[in-house]
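See structure below.
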Amino acid sequence: MSIPYVYDAGALLAIDGNDRRMWAIHHLALEDGRRLLVPSVVVGQAWRDARRQVQLGRFLHSCEVVPVGLELAKAAGVLCGRAGSRDVVDATVVTVALAHGAVVFTSDPDDIAQLSAASDVKPGLVIRRL
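Residue numbers for the sequence shown follow our numbering, so the first one is 1189 and each next one is one higher.
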């Protein structure tokens, strides 16, 4: 069984911008049969116009969009409090990744690392910069 990936908004924006490296990462992950997780709030952070983001829409169909319900939202809020952060979207990415033992692909590794360090989960996350 392979380790899942969690994508943040930077990954979605890279796909939307047709970034070849991100497409390669994604295609290899699909070939490996990895679970590809995207918290629903991340979609909201990256999505702007269906007419202009057709490629991103297709990409999202190959991912598992994780709904953010009450418990996940609370956990992300608690993590924000521990880390001294206001970025609930990044905290949600970290919370989802920790819950699934996933690798995070992000354009903002410092913030993700800070949030990961503030969690009770050890060892911390594996973070890959885009």
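Beta carbons are placed, not taken as given, at the ideal position from N, Cα and C, and that holds for glycine.
At the C-beta level, Ile1300 and Val1284 stay beyond 8 angstroms of one another. Residue Leu1248 holds the alpha-carbon nearest to the alpha-carbon of Arg1223 among Arg1209, Leu1248, Gly1205, Ile1203. Excluding sequence positions up to five before and after Leu1244, its CB lies within less than 8 angstroms of the CB of Leu1200, Ile1203, Asp1204, Ala1234, Trp1235, all in the same chain and listed in chain order.
Cβ-Cβ distances below 6 angstroms link Val1314 to Val1291 in the same chain, with the five nearest sequence neighbours on each side left out; the list follows chain order. Out of Gly1221, Pro1297, Leu1286, the CA that lies nearest to the CA of Ser1250 is found in Gly1221.
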